[in-house]
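For reference, the structure discussed in these notes is given below.
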Amino acid sequence: MASERGSGELTAQAGVSAGPTVDPSRFRGSDDPFEGHWREFPAPWPSTEDEHVAARVRAHVASVLGRLPSRQQVVLTLRDIEGFNSDETSSIVEISEVEQRVLLQRARAFVRAELENHFDVDDPKDPAAAEDRHRSLRRRMLPLYAAAGLQGVGLWVPVEKLFMSEIGFTPATIGVMAAAYAAVVPIIEVPSGILADRWSRRGVLIIASAALATSALVGGLSTNVATYIVAALVLGVYFAMYSGTMESIVYDTVLEETGDSTVFQRRLGRVRVVEGSALVSSSLVGGWTAELTSTRLTYFLTVPFVAGSIVLYLTFREPRLHQATRATSLRNQVTVTYRTITRRGVVLPIVTAAVLTSLILQVLFEFGPLWLVAISAAALWYGPFWAALVSTLGLGGLLAGRLRLDRLGPVLTITVIMLLASVALTVSRHLAVVTAAQVLLALLIVVANIHVTGQLHDAVPSSIRSGVASGVGALSWIAFLPFALVFGLLSNTLGVHSAAWLITATVVMAGVILGRLAFRARPHRNLADLLHRYADGTLDAAAERRAAAHLASCGACRAHVEQMRKTISMLGDLPTEPLPDQTRDALLSSLRSRTSRVPVAPGETAEIVNALDRTQT
Amino acid sequence: MTSANEIRCDELVELITDYLDGALNAETERCIDASLAACEGCARYLAQIRATISALGDLPTEALPDNSRDALLSAFRRATR
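Line by line, the protein sequences are chains A and B. Letter 300 of the first sequence, counting from 1, is numbered 300 in our numbering, and no numbers are missing. Plus 617 on top of the position in the second sequence (first one is 1) and you've got our numbering.
Here's what the structure looks like:
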């Protein structure tokens, strides 16, 4: 089947000698199980939206045209500079369309390679240019930071429970509301992420803010339980739309402006600082406003702030990276997003680390004050305790990207500190110790979570970025529900100190995976995918035998498979199926061989066997 | 060792011009769409080829006077023969 469409067909028809147009050393060689795949991805280019950059690019392109062989130069000029189509060009120069395209292909690849050199030498040799990029990034991000701050304003948050009891909520109806909210978020998460990928990240953020403003307005107008539950559902829409989308827009903006993702963690950290500060300060102001006027007013006063965030989003220039590839069908996109979250050996440990860190954070925020109850702390301490806990969101943002969690040493250090903190929560009855342990744990988890978010985004292409990030959000949400249930049950029966062993266990798992991620120097994405299938038991007998033989002689791969098996068994209990089985199978088979009945297509199996053969020889 | 539905990165980059011209059969085009959605490296390569084309398109056409084009064309035909 390959021969029907390979490049060989093309050159044969063209009757021209056509060696590769991209330096073959950029791809893995025949000694590699993944022959023909990129050794290292081409480095992303800076955005040329800046007229200064665009002008330099044009000047460089013009200067290299003269170095093309004349036939290529003519075809490139006619097609790309003068804008003739394929048909017109081939009749002007009197060659076949196929030959014309071969020449065009070679010419474009040459100019691209020259531009790549241009961008490559631009950075290290020109520190002023690098500084320019970072300044331009900071300027571009300003409206985004400001918008994140305004949408973080929630004057009603501290007095919500009070207001709810005023309009007739009982503990039972509060439970109904919480359940309704909890159900909406994971359902909308992934579709909202895919919408952000296919349409516009900025657009989705604007919808999120509109939902937030609507929720505050409906909440403030509520005089009964039913309308307030509607407000809570709309708040769920906001949350699902916002999460995943904000980090994707930050990542793509950083990539577009600076050409790499190294400063992503700090930029996302900055967003978290602004959000956290807005939350803390608006909580203080909200409590005070409610005291002076009414709880209802805090809802209405929130609306203009949130509306302001929409105006700011509109002034933000959205990155275009996710539109770089040609639009694929919705079906394909859903499949690829789904497969990326669940199938890739490299992505899965990152997803697990992200879920575990979010889990610990959510548990601390949900159950943290229970320790104060257990040790009968004076009511006076609840306020400062809560403020300290919430402030870790912002402080963690400041620390993000500074702890070098891509190295084993720092990971080990923070894991030990987190373990000590969580063990303290199982034994200490001292207010200061409990507070310090929670704050420290929350702080390090926030930093680790931002680090893992960076790794997740590094591992997925922009075209599915928001979808994957939102999928992780949905998974965290889904994982939290049973965890919270068990935690609540244990706290009731054995006390919150004993329940804290659950937190300790989760910290251990998170630490192991973070360590593994730091240890795994340069992951081989494709090999990891095959080993994942091995770990998953979805290879056919022959491929599996060969894979086992390879594993016997390769310690690194063995360790990787063991790690994946752990991850798989941990994720195994989670409902990770956003699609009904039947639909999913149909989607998958559209991508795979039509005759395949096993989860791995026969062609892929052959590829695996060949690949393993080569590793062994 | 290309399987029925996967395409190697070094093959994909050679098909970019045909892909952009819509000159491939539907099956191959689908393969490429799927690869581009799954492979950051190939997606970047395509984006960079597009950026290159757009930079070329922004060059002033008057930079190429007619007589130099004629000279090029005759050189082209000489080379073809």
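Even for Gly, the Cβ is constructed at its ideal location relative to N, Cα and C.
**Asked** In three-state terms, what does DSSP make of F119 (chain A)?
**Response** Taken through DSSP and simplified to helix, strand or coil, F119 (chain A) comes out as helix.
**Message:** Under 9 Å, Cβ to Cβ, is there at least one residue of chain B near T170 (chain A)?
**Reply:** False, the Cβ-Cβ gap to chain B never drops below 9 Å.
**Asked** Of all the options A:V237, A:N117, A:A208, which has the alpha carbon lying nearest to the alpha carbon of Y181 (chain A)?
**Response** Considering only alpha carbons, the answer is A:V237.
**Message:** DSSP three-state label for F169 (chain A), please.
**Reply:** F169 (chain A): coil per DSSP, three-state reduction.
**Prompt:** Out of curiosity, what's the CA-to-CA distance linking G286 (chain A) and W501 (chain A)?
**Reply:** Roughly 36 Å separates the two Cα atoms.
**Message:** Please identify, using Cβ separations under 9 Å, the residues of the segment 659-671 of chain B that lie next to chain A, in order along the chain.
**Reply:** Taking 9 Å as the Cβ-Cβ cut-off against chain A, the residues of the segment 659-671 of chain B that qualify are C659, A660, R661, Y662, L663, A664, Q665, I666, R667, A668, T669, I670, S671.
**Message:** On a Cα-Cα basis, can you pick out the residue from A:V274, A:E291, A:N224 that is closest to P158 (chain A)?
**Reply:** Closest in alpha carbon position to P158 (chain A), among A:V274, A:E291, A:N224, is A:E291.
**Asked** Tell me, which residues are paired with F27 (chain A) by DSSP?
**Response** Beta-bridge annotation (DSSP): F27 (chain A) is paired with A:W38.
**Prompt:** How big is the Cα-Cα spacing for V460 (chain A) and E88 (chain A)?
**Reply:** If you draw a straight line from the Cα of V460 (chain A) to the Cα of E88 (chain A), it comes to about 39 Å.
**Message:** Is it the case that the segment 183-201 of chain A contacts the segment 130-143 of chain A, given that we only count it when at least three CB pairs across the two stretches are under 8 Å?
**Reply:** Touching, no.
**Message:** Need the endpoints of the alpha helix (DSSP H) that H497 (chain A) sits in, please.
**Reply:** Counting along the chain, the alpha helix (DSSP H) containing H497 (chain A) begins and ends at 496-519.
**Prompt:** What are the uninterrupted segments assigned as alpha helix (DSSP H) that are 4 or more residues long and contained completely in the segment 381-451 of chain A, given in chain order?
**Reply:** Runs of alpha helix (DSSP H) with 4 or more residues, each lying fully within the segment 381-451 of chain A, are found at 382-399, 408-427, listed in chain order.
**Asked** Expressed to the nearest angstrom, what Euclidean distance is found between the alpha-carbon atoms of L78 (chain A) and Q362 (chain A)?
**Response** Near 60 Å, if we compare the C-alpha coordinates of Q362 (chain A) and L78 (chain A).
**Minimum Cβ-Cβ distance from G244 (chain A) to chain B less than 9 Å** = No, its Cβ sits nowhere closer than 9 Å to a Cβ of chain B.
**Prompt:** With a cut-off of 9 Å, does the C-beta of G674 (chain B) fall near any C-beta of chain A?
**Reply:** G674 (chain B) belongs to the set of residues whose beta carbon lies under 9 Å from a beta carbon in chain A.
**Message:** Applying the 10 Å Cβ sphere with the 16-neighbour rule, what's the burial state of F487 (chain A)?
**Reply:** Around the beta carbon of F487 (chain A), 16 or more other beta carbons sit within 10 angstroms, so the residue counts as buried.
**Prompt:** Is the shortest distance between the beta-carbon of T48 (chain A) and the beta-carbons of chain B less than 9 Å?
**Reply:** Yes - at least one Cβ of chain B is within 9 Å of the one on T48 (chain A).
**Prompt:** Given that a residue counts as buried once 16 or more other Cβ atoms are within 10 Å of its Cβ, and exposed if not, what is T342 (chain A)?
**Reply:** T342 (chain A) should be labelled buried.
**Asked** With C-beta atoms as the reference, is F169 (chain A) less than 9 Å away from Y228 (chain A)?
**Response** Going by beta carbons, F169 (chain A) and Y228 (chain A) fall inside the 9 Å limit.
**Message:** Distance check for L356 (chain A) and G618 (chain A), CA to CA, integer angstroms please.
**Reply:** Outside the shown range of chain A (1 to 617) lies residue 618 (chain A), about which nothing can therefore be said.
**Request:** Compare the beta carbon distance of R56 (chain A) and L137 (chain A) with 9 Å and say whether it is the shorter of the two.
**Result:** With contacts defined as CB atoms closer than 9 Å, R56 (chain A) and L137 (chain A) fail to qualify as a contacting pair.
**Request:** Please name the residue, chosen from A:Y251, A:E257, A:Q73, that lies closest to Q640 (chain A) on a Cα-to-Cα basis.
**Result:** Since the displayed chain A opens at 1 and closes at 617, residue 640 (chain A) lies outside it and no answer follows.
**Request:** Tell me, to the nearest whole angstrom, how far the beta carbon of L393 (chain A) is from that of V446 (chain A); I am working on the premise that it is less than 8 Å.
**Result:** Going by Cβ atoms, the distance from L393 (chain A) to V446 (chain A) rounds to 6 Å, so yes, they are a contact pair.
**Request:** Could you check if F305 (chain A) is buried or exposed, using at least 16 other CB atoms within 10 Å of its CB as the buried criterion?
**Result:** By the beta-carbon neighbour count (other beta carbons within 10 angstroms, threshold 16), F305 (chain A) is buried.
**Request:** Can you give me the Cβ contacts of Y636 (chain B) inside the same chain, cut-off strictly under 6 Å, excluding the 5 residues immediately before and after it?
**Result:** These residues qualify, in order along the chain: I649.
**Message:** Relative to the C-alpha of A107 (chain A), which candidate in A:L212, A:I81, A:A474 has its C-alpha closest?
**Reply:** The residue with the shortest Cα to Cα distance from A107 (chain A) is A:I81.
**Asked** Closest by CA to A354 (chain A), which one among A:V452, A:A59, A:T315, A:L489?
**Response** By alpha-carbon distance to A354 (chain A), the top candidate from A:V452, A:A59, A:T315, A:L489 is A:V452.
**Prompt:** Per DSSP, what kind of secondary structure is F264 (chain A) in: helix, strand or coil?
**Reply:** The answer is helix: DSSP assigns F264 (chain A) an H, G or I state.
**Asked** Can you tell me the Cα-Cα spacing of A664 (chain B) and A654 (chain B), whole angstroms?
**Response** Their Cα atoms are separated by approximately 12 Å.
**Through-space distance from P319 (chain A) to R39 (chain A), alpha-carbon basis** = Looking at the two C-alpha atoms, the distance is approximately 27 Å.
**Message:** Contact defined as beta carbons within less than 8 Å: I believe S422 (chain A) pairs with T504 (chain A). What is the distance between those atoms, to the nearest angstrom?
**Reply:** Your pair S422 (chain A) and T504 (chain A) checks out as a contact, with CB atoms roughly 4 Å apart and the cut at 8 Å.
**Prompt:** For a contact meaning CB atoms closer than 8 Å, what does A643 (chain B) contact in chain E?
**Reply:** Looking for chain E here will not work: the only protein chains present are A and B.
**Prompt:** Which ranges does the alpha helix (DSSP H) cover as unbroken runs of at least 4 residues, wholly within the segment 624-663 of chain B, from first to last along the chain?
**Reply:** Runs of the alpha helix (DSSP H) inside the segment 624-663 of chain B: 626-629, 633-638, 643-655.
**For N224 (chain A) and V439 (chain A), the rounded distance between their alpha carbons** = Distance between the alpha carbons of V439 (chain A) and N224 (chain A) is about 37 Å.
**Message:** Give me, in chain order, the residues of the same chain whose beta-carbon lies closer than 7 Å to that of F239 (chain A); leave out the 5 immediate sequence neighbours on both sides.
**Reply:** V185, listed in sequence order.
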